[in-house]
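Below you'll find the structure, written out as C-alpha coordinates, and then a few comments.
In this note's numbering, the protein residues as written are 56 to 147.
Printed below as a string of C-alpha coordinates:
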(Lines of atoms letter the chains of each structure in order from A; the text may use other names.)
(Lines give C-alpha, C1' and ligand atoms only; values in the text may rest on other atoms or scores of the structure.)
Protein backbone atom coordinates (compact mmCIF):
# COMPACT_ATOMS: atom_id res chain seq x y z
CA UNK A 56 0.00 0.00 0.00
CA UNK A 57 1.51 3.37 -1.00
CA UNK A 58 2.41 5.81 1.75
CA UNK A 59 -0.02 8.71 2.30
CA UNK A 60 2.01 11.82 3.15
CA UNK A 61 0.58 14.85 4.94
CA UNK A 62 1.96 18.38 5.04
CA UNK A 63 3.63 19.16 8.39
CA UNK A 64 3.23 22.95 8.25
CA UNK A 65 1.07 24.81 5.74
CA UNK A 66 3.73 27.46 5.00
CA UNK A 67 6.66 25.04 4.76
CA UNK A 68 7.29 22.43 2.08
CA UNK A 69 7.69 19.46 4.42
CA UNK A 70 5.59 16.29 4.32
CA UNK A 71 5.75 13.27 6.62
CA UNK A 72 4.24 9.85 7.21
CA UNK A 73 4.79 6.92 9.57
CA UNK A 74 4.27 3.30 8.65
CA UNK A 75 5.02 0.34 10.87
CA UNK A 76 8.34 1.00 12.58
CA UNK A 77 9.51 3.74 10.20
CA UNK A 78 9.03 7.46 9.64
CA UNK A 79 9.51 9.13 6.25
CA UNK A 80 9.93 12.82 5.42
CA UNK A 81 10.03 14.72 2.14
CA UNK A 82 11.36 18.29 2.19
CA UNK A 83 11.56 20.72 -0.71
CA UNK A 84 14.65 22.91 -1.01
CA UNK A 85 14.96 25.82 -3.41
CA UNK A 86 18.31 26.35 -5.07
CA UNK A 87 20.66 28.29 -2.84
CA UNK A 88 23.36 30.57 -4.19
CA UNK A 89 26.22 32.48 -2.69
CA UNK A 90 29.51 31.59 -1.00
CA UNK A 91 29.47 28.16 0.61
CA UNK A 92 26.05 27.11 -0.73
CA UNK A 93 26.07 24.19 -3.15
CA UNK A 94 22.66 22.59 -2.57
CA UNK A 95 20.64 21.66 -5.62
CA UNK A 96 16.93 22.37 -5.56
CA UNK A 97 14.54 19.45 -5.31
CA UNK A 98 12.68 17.09 -3.03
CA UNK A 99 14.86 15.39 -0.42
CA UNK A 100 13.47 12.11 0.92
CA UNK A 101 14.64 10.56 4.18
CA UNK A 102 13.64 7.84 6.62
CA UNK A 103 14.40 6.79 10.18
CA UNK A 104 13.34 4.00 12.50
CA UNK A 105 10.66 5.03 15.00
CA UNK A 106 11.22 4.65 18.74
CA UNK A 107 15.01 4.25 18.51
CA UNK A 108 16.31 7.82 18.67
CA UNK A 109 18.27 7.56 15.40
CA UNK A 110 18.77 10.48 13.05
CA UNK A 111 17.28 10.57 9.56
CA UNK A 112 18.92 8.73 6.65
CA UNK A 113 18.73 10.37 3.22
CA UNK A 114 17.30 8.10 0.52
CA UNK A 115 19.64 7.45 -2.41
CA UNK A 116 18.77 9.65 -5.38
CA UNK A 117 17.78 12.72 -3.35
CA UNK A 118 17.12 15.43 -4.29
CA UNK A 119 14.40 14.32 -6.70
CA UNK A 120 12.89 16.55 -9.38
CA UNK A 121 9.30 15.97 -8.29
CA UNK A 122 7.31 15.10 -5.19
CA UNK A 123 6.01 11.96 -6.95
CA UNK A 124 9.57 10.72 -7.56
CA UNK A 125 10.47 11.29 -3.89
CA UNK A 126 7.28 9.53 -2.77
CA UNK A 127 8.02 6.55 -5.04
CA UNK A 128 11.53 6.33 -3.52
CA UNK A 129 10.00 6.28 -0.02
CA UNK A 130 7.55 3.55 -1.06
CA UNK A 131 10.45 1.49 -2.46
CA UNK A 132 12.52 2.06 0.70
CA UNK A 133 9.63 0.90 2.91
CA UNK A 134 9.26 -2.25 0.80
CA UNK A 135 13.00 -2.93 1.07
CA UNK A 136 13.01 -2.35 4.84
CA UNK A 137 9.96 -4.59 5.28
CA UNK A 138 11.50 -7.35 3.15
CA UNK A 139 14.72 -7.22 5.18
CA UNK A 140 12.77 -7.37 8.43
CA UNK A 141 10.87 -10.47 7.26
CA UNK A 142 13.94 -12.12 5.69
CA UNK A 143 17.09 -10.84 7.40
CA UNK A 144 20.34 -11.53 5.52
CA UNK A 145 22.35 -14.49 6.78
CA UNK A 146 25.64 -13.71 8.46
CA UNK A 147 28.55 -15.74 7.15
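From the three backbone atoms N, C-alpha and C, an ideal C-beta is built for every residue, glycine too. Predicted model only: the values in this text are computed from it and were never measured.
Exercise. Can you have a look at residue 132 and say buried or exposed, based on whether 16 or more other CB atoms are within 10 angstroms of its CB?
Key: buried
Quiz item: In its own chain, which residues sit with a C-beta less than 6 angstroms from the C-beta of residue 129, not counting the 5 before and 5 after it?
Solution: 58, 79 and 100
Self-check item: Three-state secondary structure assigned by DSSP to residue 127
Solution: helix
Quiz prompt | Which of helix, strand or coil DSSP assigns to residue 121 | solution = coil
Quiz prompt | Element boundaries [beta strand (DSSP E), containing residue 77] | solution = 77-84
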